[in-house]
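**Q** In my numbering, the protein residues as written are 1 to 429.
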Ligand code: S3P
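#1: When you compare the segment 259–270 with the segment 230–240, are there three or more beta-carbon pairs, one atom per stretch, that lie closer than 8 Å?
#2: At a cut of 8 Å, does the segment 298–311 reach the segment 233–253 through at least three beta carbon pairs?
#3: Check each candidate in 88, 60, 92 and name the one with the smallest Cα separation from residue 81.
#4: If distances are taken between C-alpha atoms only, which option among 113, 49, 32, 417 comes closest to residue 77?
#5: For the alpha helix (DSSP H) that residue 171 lies in, which residues bound it at each end?
#6: Using C-beta distances below 6 Å, list every residue in its chain close to residue 240, excluding the 5 sequence neighbours before and after it, in chain order.
#7: Can you find the residues in the same chain that come closer than 6 Å, C-beta to C-beta, to residue 278, ignoring five residues on each side of it along the sequence?
#8: Can the beta-carbon of residue 90 be found closer than 9 Å to that of residue 119?
#9: Starting from residue 288, follow the beta strand (DSSP E) in both directions and report where the run begins and ends.
#10: Could you check which residue in 309, 237, 380 has the C-alpha nearest to that of residue 317?
#11: With distances taken Cα to Cα, identify the nearest neighbour of residue 87 among 398, 115, 41.
#12: Cβ of residue 185 within 8 Å of any heavy atom in the ligand S3P?
#13: Give a yes or no on whether the C-beta atoms belonging to residue 181 and residue 264 are separated by under 9 Å.
#14: Whole angstroms is fine: what's the gap from residue 39's alpha carbon to residue 228's?
#15: Only counting runs of 3 or more residues, tell me where the beta strand (DSSP E) segments fall wholly within the segment 92–123, in order along the chain.
#16: Near residue 147, which residues of its chain fall below 8 Å by C-beta distance, leaving aside the five closest residues on each side in sequence?
#17: Run the proximity test for residue 312: is its beta-carbon closer than 8 Å to any non-hydrogen atom belonging to the ligand S3P?
#18: May I ask you to list the residues that DSSP assigns as paired with residue 372?
#19: For the ligand S3P, is there a heavy atom less than 8 Å away from the beta-carbon of residue 104?
#20: State yes or no: is the C-beta of residue 289 within less than 9 Å of the C-beta of residue 22?
#21: Alpha carbons only, please: which of 276, 291, 275 is nearest the one belonging to residue 255?
#22: Kindly list the residues whose CB is nearer than 6 Å to the CB of residue 383, restricted to its own chain and excluding five residues on each side of it in sequence; keep chain order.
#23: Return yes when at least one heavy atom of the ligand S3P lies under 8 Å from the C-beta of residue 339, else no.
#24: Secondary structure at residue 45, three-state DSSP: helix, strand or coil?
#25: Among 79, 305, 245, which residue has its Cα nearest to the Cα of residue 428?
#26: Using a Cβ-Cβ cut-off of 7 Å (strictly less than) and excluding sequence neighbours within five positions of residue 310, which residues of its own chain qualify?
#27: Compute every distance between the C-beta of residue 171 and the non-hydrogen atoms of the ligand S3P, then say whether any falls below 8 Å.
#28: Taking a contact to mean a Cβ-Cβ separation below 9 Å, would you say residue 174 touches residue 128 in this structure?
#29: Measuring only the C-alpha atoms, how far is residue 387 from residue 347?
#30: Closest by CA to residue 442, which one among 214, 185, 344, 349?
#31: Report the three-state DSSP secondary structure of residue 23 (helix, strand or coil).
#32: Residue 418 and residue 47 - do their beta-carbons sit closer together than 9 Å?
#33: Using beta carbons (cut-off 9 Å, strictly below), is residue 62 in contact with chain B?
#34: What residue from 3, 2, 16 has the CA that sits closest to residue 424's CA?
Structure follows, in structure tokens:
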């Protein structure tokens with residue numbers, strides 16, 4: 001599929017969606033299931049390309065993983081059960097896979113080589129390879145281990161006391177996973193709170209981890225035990241339909257069982273500030289990750305400022321928030337979001353470039369963007385640039401364009417939301 005034509009329908013979007021499983025939690029369920037002892041059963045696993053890359057890497061590391069329609073079963077044998085792979089580990093497009101995998105492999109006394117796609121080849125790895133080398137891992141790679149292809153051999157790790165230069169859950173998680181295998185206690189300090197799925201998962205698998213403000217402490221030589229995981233719906237996927245409901249005239253959409261982890265809920269805060277009609281019913285009960293239902297209705301919106309500690313809580317939602325802001329009254333400013341430059345694409349550039357093609361008034365800045373609201377979008381030929389979230393943002397934009405939108409490279413969307421178009425079309429019936 002090289003491109004797809006999206007015709008203007010001028011139709012309200014109505015209905016209910018069961019949002020697919022959270023990508024971050026799905027990756028971690030395979031990784032923790034693989035390093036734990038015993039069987040782990042995962043329901044609502046996201047069968048997106050990124051998570052399938054994680055499964056493929058752990059199979060090559062000798063872990064038995066069974067996939068059926070509604071259940072993923074992982075037969076973990078502990079860290080020591082991982083075996084030297086006789087094939088190259090291919091992480092595809094997935095930054096989470098490569099960075100967390102490096103943390104696990106840093107403690108393993110064998111050799112692995114890792115590659116990914118073209119986009120992964122541009123993403124910075126020094127942020128993980130440097131602290132993992134400090135712990136004792138041997139890592140080689142292009143530009144002294146800054147980029148893939150990489151090779152790693154590990155074992156005999158010493159604990160680390162590390163201040164993260166950026167608020168990154170991937171780096172934090174890599175160091176926690178290495179710390180679990182080190183000889184003593186490691187501490188990791190975050191500049192701002194990033195998503196805490198790894199910390200929650202360690203506890204769910206019977207391990208221990210402490211958090212005191214922004215300082216995380218984890219002991220080495222821990223043994224994790226297999227468990228049962230239900231993956232909540234991905235709020236980052238729900239975000240596309242939250243925005244669709246808010247900007248397509250007359251819409252009303254219900255999103256069921258969406259993850260409401262407070263380290264991921266920045267979009268809710270922003271939509272409330274912008275005046276969206278958004279109702280949330282959080283489920284009660286003892287879930288290791290909170291979840292609930294969301295109801296969004298079309299309404300008038302106003303511009304806002306998004307900055308500081310809010311950024312890590314909505315970093316993946318910025319492309320779709322930019323679209324939302326084009327339909328608000330007034331200006332929206334996004335600051336302190338330079339991390340967008342090192343995502344699947346440079347998302348400051350790709351968002352600004354593609355929305356401009358559709359007639360939006362939007363400017364790139366050094367650390368974010370400025371969006372002038374109230375634009376009426378026209379239509380045209382746009383590209384996902386191979387970035388799933390850019391592709392979905394543009395497909396939602398097409399719902400409010402006056403003319404046809406031709407979306408190039410829509411297949412990238414299967415990285416995180418394989419049934420995205422089926423869900424979108426189901427809201428038009
Ligand atoms: C992720 C963390 C975030 C996020 C990515 C998934 C994770 O990246 O953008 O999509 O699963 O830990 P950083 O930790 O690099 O900010």
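Think of the CB as a built atom: it goes at the ideal place given N, C-alpha and C, for glycine as much as any other residue.
**A** According to the structure shown:
#1: yes
#2: yes
#3: 60
#4: 32
#5: 169–179
#6: 320, 392, 396
#7: 271, 296
#8: no
#9: First-last for residue 288: undefined, no H or E at that position.
#10: 237
#11: 115
#12: no
#13: no
#14: 8 Å
#15: 111–115
#16: 121, 122, 123, 124, 125, 141
#17: yes
#18: 331, 361
#19: no
#20: yes
#21: 291
#22: 408, 409
#23: yes
#24: coil
#25: 245
#26: 266, 269
#27: yes
#28: yes
#29: 9 Å
#30: The chain is shown from 1 up to 429; residue 442 falls before or after that span and cannot be answered.
#31: helix
#32: yes
#33: No chain B appears in this structure, which consists of one protein chain only.
#34: 16
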